[in-house]
Amino acid sequence: TNLAIGEFVDWDIPSTSSADNNAGADISNRLVWQTGFGFGCSDNTLRAGAIGLLGMGYNSSCINTTVDPFNLISDVNSVYLYPNNGFVGSEVYTLMQTSPYAISGTTTDRFSLMTFDNNATIGPTDTLFIYTVLITARTQGTVNLVSDLNRADSWFVNNILPDCTASCCVDRGNVDNIVGPGGPVDVSDLTYLVNYLFKGGPIPACEEHGNIDNVVGPGGSIDVSDLTYLVNYLFKGGPPPPAC
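Mapping of the sequence shown onto my numbering: position 189 corresponds to residue 189, and the numbering continues sequentially without gaps.
Shown next as structure tokens:
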């Protein structure tokens with residue numbers, strides 16, 4: 001409970017002066033980056049390294065591409081990562097809980113940090129999936145970072161996991177995805193859910209149908225609370241599953 005979960009990269013983008021870098025962030029596109037400094041064999045300001053968030057999911061067969069990170073930060077290594085010439089985890093963890101977006105203007109040896117969630121609760125049977133992309137540029141600077149992120153996102157949802165925001169939900173609670181005689185929500189849906197949760201059965205074809213209590217995020221999309229909700233509805237006069 002109350003977990004801060006994130007990723008930091010100690011980028012050392014080539015610069016005229018050792019590892020001195022500048023930084024920036026694009027909040028709307030969930031990107032934080034560093035750029036080189038000065039001129040060497042080429043314009044080092046056109047060299048860049050970035051972290052981009054593709055999406056997250058709890059126990060998911062799809063990816064939520066609209067979730068925003070808790071913060072985007074780039075700051076000084078000597079202050080936060082290695083204040084005494086050694087890595088200090090507590091310094092990083094404190095910084096991860098700083099809200100929401102902060103890019104210091106110092107040109108120096110620095111890092112990039114993206115905190116995905118600052119208050120995560122992960123149940124004992126839940127798994128949190130977070131998908132990011134690391135982007136580098138040698139001669140284009142930050143110009144193409146957003147388009148590179150969009151290309152990565154498009155490849156991911158077409159080859160790895162579909163986008164959760166593309167809803168498949170028709171009747172929430174219709175776990176077995178059968179519509180027609182017998183009713184969209186009945187005992188066969190309860191059986192399907194029990195098999196999935198406790199017997200290694202297949203995940204519902206439409207995950208939203210199995211997310212009966214309509215809770216998305218920490219704690220998982222499909223869990224025992226959905227089973228309880230369905231039992232209450234079918235046998236104890238509880239409320240029907242929320243509409244899609």
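Even for Gly, the Cβ is constructed at its ideal location relative to N, Cα and C. The structure displayed is predicted, hence computed values, not measured ones.
Self-check item: Contacting residues, own chain, Cβ-Cβ under 7 Å from residue 237 (five flanking each side not counted)
Solution: Numbered from its first residue, the sequence shown carries residue 237 at position 237. Answer for residue 237: no residue qualifies.
Quiz item: Roughly how many whole angstroms lie between the Cα atoms of residue 210 and residue 173?
Solution: Taking the sequence shown and counting its residues from 1, one reaches residue 210 at position 210. Taking the sequence shown and counting its residues from 1, one reaches residue 173 at position 173. Spanning the two alpha carbons is a distance of roughly 6 Å.
Quiz item: Do the region 74-85 and the region 104-121 make contact, defined as three or more Cβ pairs closer than 8 Å?
Solution: yes
Quiz item: So what does residue 246 bridge to, in DSSP terms?
Solution: With the chain represented from 1 up to 244, any question about residue 246 goes unanswered, as that position is not in the structure.
Quiz item: What do you reckon, are the CB atoms on residue 6 and residue 116 nearer than 8 Å?
Solution: For the purposes of this step, residue 6 is taken as the residue at position 6 of the sequence shown. For the purposes of this step, residue 116 is taken as the residue at position 116 of the sequence shown. Cβ atoms of residue 6 and residue 116: closer than 8 Å.
Quiz item: What are the start and end residues of the alpha helix (DSSP H) that includes residue 152?
Solution: One-based indexing of the sequence shown puts residue 152 at position 152. Under the DSSP assignment, residue 152 falls in the alpha helix (DSSP H) whose first and last residues are 145-159.
Quiz item: If residue 29 and residue 146 are in contact, beta carbons under 8 Å, what's the gap, nearest whole angstrom?
Solution: Numbered from 1 along the sequence shown, position 29 holds the residue referred to as residue 29. Numbered from 1 along the sequence shown, position 146 holds the residue referred to as residue 146. The Cβ separation is near 5 Å, so the contact holds.
Quiz item: Where does the unbroken beta strand (DSSP E) through residue 129 begin, and where does it stop?
Solution: Sequence index remark: in the sequence shown, residue 129 carries index 129 (1-based). Residues 128-137.
Quiz item: Pick from 227, 142, 229: whose alpha carbon is nearest that of residue 13?
Solution: In the sequence shown, counting from the first residue as 1, residue 13 sits at position 13. When each option's Cα is compared against that of residue 13, the closest is 142.
Quiz item: Are there 16 or more other CB atoms within 10 angstroms of the CB of residue 93, so buried, or fewer, so exposed?
Solution: Here residue 93 corresponds to residue number 93 of the sequence shown, with the count starting at 1. Residue 93 comes out exposed.
Practice problem: For residue 39, name the three-state secondary structure that DSSP assigns. | Solution: Translated into the one-based positions of the sequence shown, residue 39 becomes position 39. Correct three-state label for residue 39: strand.
Quiz item: In terms of residues, what are the limits of the beta strand (DSSP E) holding residue 57?
Solution: Reading the sequence shown from its first residue, position 57 is the one you call residue 57. Start and end: 48-58.
Practice problem: State the Cα-Cα distance for the pair residue 27 and residue 34, rounded to the nearest angstrom. | Solution: Position 27 of the sequence shown holds residue 27. Position 34 of the sequence shown holds residue 34. Residue 27 and residue 34: Cα-Cα distance of roughly 14 Å.
Quiz item: Taking just the CA atoms, how far does residue 107 sit from residue 245?
Solution: The requested residue 245 is not part of the displayed model; the chain covers only 1 to 244.
Practice problem: Would you check if the distance between the CB atom of residue 161 and the CB atom of residue 225 is smaller than 8 Å? | Solution: As a position in the sequence shown, residue 161 is number 161, starting the count at 1. As a position in the sequence shown, residue 225 is number 225, starting the count at 1. No, the Cβ-Cβ distance between residue 161 and residue 225 is not below 8 Å.
Quiz item: Which partner residues does residue 108 have in the DSSP bridge list?
Solution: One-based indexing of the sequence shown puts residue 108 at position 108. 21.
Quiz item: For residue 149 versus residue 58, is the C-beta distance shorter than 8 Å?
Solution: Along the sequence shown, one-based indexing puts residue 149 at 149. Along the sequence shown, one-based indexing puts residue 58 at 58. Not in contact: residue 149 and residue 58 (Cβ atoms no closer than 8 Å).
Exercise. Give the range of the beta strand (DSSP E) segment to which residue 82 is assigned.
Key: Here residue 82 refers to the residue found at position 82 of the sequence shown. From DSSP, residue 82 is part of no beta strand (DSSP E); its letter is neither H nor E.
Quiz item: Using the beta-carbon count (16 or more within 10 Å), is residue 167 buried or exposed?
Solution: Translated into the one-based positions of the sequence shown, residue 167 becomes position 167. Exposed, because fewer than 16 other Cβ atoms sit within 10 Å of the Cβ of residue 167.
Quiz prompt | residue 185 - DSSP class collapsed to helix/strand/coil | solution = In the sequence shown, residue 185 corresponds to position 185, counting from 1. Residue state, collapsed to three classes: coil.
Quiz item: When you compare each of 83, 3, 155 to residue 97 by their alpha carbons, which one comes out closest?
Solution: Counted from its first residue, the sequence shown places residue 97 at position 97. Of the listed residues, the one whose Cα sits closest to residue 97 is 3.
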